[in-house]
Amino acid sequence: MTDSATPDQYHNFIDQTETEPQGAELQTVPLVIGIVAGEVSGDSLGADFMQQMNNLRDDIVWVGVGGTKMKAQGLQSIFPLERLAVMGLVEVMAQLPDLLKARRELLSAFKAAEIDWFIGIDAPDFNLRVAKKLKPQGVFCVQYVSPSIWAWRESRIHNIKAATDLVLCLFPFELSVYERHNHPAICVGHPLLRTIDQTLLETPINQRRSELVWHNDGLQQFFIERFDDVSQLICVMPGSRRGEITAILPLMLDGIQKLILLDPKLCFIIPTVDQNHQYIVQDVIDQRSEQLRAAIVVVYDDSQPAFSQQAMAASDIVMLASGTATLEAMLLERPMVVVYQLNTLTYQIAKRLVKVPYVALPNILADTAIVPELIQEQASGDNICRTVMRLLQPRAYAEQLKDLVATKHLLQQQSNHDPANSVIEQWFIQEKYRV
């Protein structure tokens, strides 16, 4: 970017000095921001951005769609986030009528609120269509999390340019496509780079486990019953959506069943995002053998912030679905095995379109397979068992850990822009040219 905001502009923004005359006084004009997150990971991104903005101005009005974290930052949510949390091409088609209705409701609410900005958090299929309606009306539109045009269908850049004034990218490898097409984009890095609990890395793993168990009754009961009869602790994360859980968890359980035959002292912890997900996960597990049920504890704990991160940090390895959790595991320096399965038709379509060979973020960032990926037909109980046992061997464990740490440090070096300031700066630039 060749232009930037002046110090005075930032000072005015922070001091909220956009004013209108009213008699002999001046009245502050609040900044109204529409913001939409389409899933749990987007709720975290949105809350982080909202907190940064709220630290700069205390008169921001937030309206849109988000989860508990965004609501805690002041969001007036129009309808539940779960209404938009649909994955897969086939699954989206089934929910299309309601998604179209949700878009109409959202646009109507934004018009009534007279929003100044629109921030779409991930969910590009939904958010970019919303932004394309808003941008011609003079609303400053930002897509936070780039669509995967670096991986497939680069031609989508034309729709992105028509719908947005700025794209905030989470990873440095995403910028090149925007540079080629001359569209404003900034790598702000993933919020996890700033928010992950560094004390988890500085604390010995035995202490991490003691602190995790001490604060949770369910974990206390689980480990008291097992006493010291534990060889390795494995954190299992089958995803945050119901569709992911019902598709991926049974495969993981097939692998776990075989693992505990080889090592009955293995223990597995499944942290869930909320109590509803805890019930869904537990219901799947309850259909399995008593031996398997005894080896697994499913836990939700809203009293401990970032509970799933604590569970990962306290584990020897992580078995997880592809997604943001793979980045969390890498930043926590926890070796992992990725297991994923899509609807067959969705997978076949995606396989023909996607031009990158990996699904796990550590592999994409490293541009090599440092983390094993068991996808579709490879995600069998036998393969999961074999891969986990191999990773638990000291040499393989140390090798993956070394690669994860190196990739983490490279990402940290390349992600050095603040999301809120990046948006403010680009807004000032465009306002100047508009004048």
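Using our numbering, the letters of the sequence shown correspond one by one to residues 1 to 435.
We treat Cβ as the ideally placed atom computed from N, Cα and C, and that holds for glycine.
Given the structure is predicted, the values throughout are model-derived calculations rather than measurements.
Beta-carbon proximity check, residue i vs residue j, cutoff 8 Å
| i | j | result |
| --- | --- | --- |
| L81 | D122 | no |
| V188 | S415 | yes |
| A151 | V356 | yes |
| V298 | I285 | yes |
| L392 | Q232 | yes |
| V63 | A109 | yes |
| I33 | D116 | yes |
| T407 | M312 | no |
| L75 | F126 | no |
| K48 | P191 | What sits at residue 48 in the sequence shown is Asp, not Lys. Yes, these two residues count as a Cβ contact at 8 Å. |
| M336 | V371 | yes |
| L332 | I196 | yes |
| L170 | V145 | yes |
| L251 | I260 | no |
| R242 | I205 | no |
| T387 | L374 | yes |
| L31 | D59 | yes |
| P147 | P184 | no |
| A420 | M70 | no |
| L99 | V65 | no |
| F268 | A295 | yes |
Buried/exposed call for residue i, threshold 16 Cβ in 10 Å
| i | result |
| --- | --- |
| A369 | exposed |
| D114 | Here residue 114 is Glu; the residue named in the question, Asp, does not match the sequence. When all chains shown are included, E114 counts as exposed. |
| P97 | exposed |
| S176 | exposed |
| E244 | buried |
| M50 | buried |
| L410 | exposed |
| N216 | buried |
| H417 | exposed |
| R104 | exposed |
| A325 | buried |
| Y451 | Limits of the chain in this structure are 1 at one end and 435 at the other, which puts residue 451 out of reach. |
| E39 | buried |
| Y340 | buried |
| M230 | Sequence check: residue 230 is Val here, not Met. With fewer than 16 Cβ atoms within 10 Å of its Cβ, V230 is classed as exposed. |
| E431 | exposed |
| S315 | buried |
| P264 | exposed |
| H158 | exposed |
| L327 | buried |
| R194 | exposed |
| L26 | Because the pLDDT of L26 is 44, which lies under 50, any placement of that residue in the model is unreliable, and the number read from its coordinates should be weighed accordingly. Looking at its Cβ environment, which holds fewer than 16 other Cβ atoms inside 10 Å, L26 is exposed. |
| E179 | exposed |
| D254 | buried |
| L365 | buried |
| V139 | buried |
Residue range of the unbroken beta strand (DSSP E) whose run includes residue i
| i | result |
| --- | --- |
| W62 | V61 to V65 |
| I35 | V32 to A37 |
| A185 | A185 to C187 |
| G239 | It is not in any beta strand (DSSP E) - G239 carries neither H nor E in the DSSP assignment. |
| S77 | L75 to S77 |
| Y358 | That residue, Y358, is in no beta strand (DSSP E); it is neither H nor E in DSSP. |
| E179 | Note, E179: premise wrong, no beta strand (DSSP E); alpha helix (DSSP H) at L175 to R180. |
| I375 | E373 to I375 |
| G118 | Just to set this straight, residue 118 is Phe in the shown sequence, not Gly. Here the beta strand (DSSP E) through F118 covers W117 to I121. |
| L342 | From DSSP, L342 is part of no beta strand (DSSP E); its letter is neither H nor E. |
| V142 | F140 to Y144 |
| V167 | L166 to C169 |
Limits of the unbroken alpha helix (DSSP H) element including residue i
| i | result |
| --- | --- |
| P250 | R242 to L262 |
| L201 | T199 to E202 |
| W214 | I205 to W214 |
| I224 | D217 to R226 |
| Q414 | P394 to Q414 |
| F126 | P124 to L134 |
| F49 | V40 to L56 |
| V388 | G381 to L391 |
| L193 | L192 to T195 |
| I157 | I157 to A163 |
| T68 | T68 to A72 |
is_contact[residue i, chain C] using C-beta, thresh 8 Å
| i | result |
| --- | --- |
| A329 | The structure shown has no chain C; it contains just one protein chain. |
Legend entry - Segment contact, 8 Å Cβ cut-off, at least three pairs: the region 362-382 with the region 129-138: Segments in contact, no.
Inset, instruction - Can you check the region 267-323 for any alpha helix (DSSP H) of at least 4 residues that lies completely inside it and give the ranges in chain order? - result: Along the length of the region 267-323, whole alpha helix (DSSP H) runs at least 4 residues long occupy 275-285, 290-295 and 307-313, reported in chain order.
Legend entry - the region 230-244 in contact with the region 306-323 per 3-pair CB rule at 8 Å: Contact holds: three or more Cβ-Cβ distances are below 8 Å.
Inset, instruction - Flag this pair as touching only if the region 210-225 and the region 303-315 have three or more C-beta atom pairs under 8 Å; answer yes or no. - result: yes
Legend entry - Validate contact between the region 419-427 and the region 152-172 using beta carbons, cut 8 Å, 3 pairs: yes
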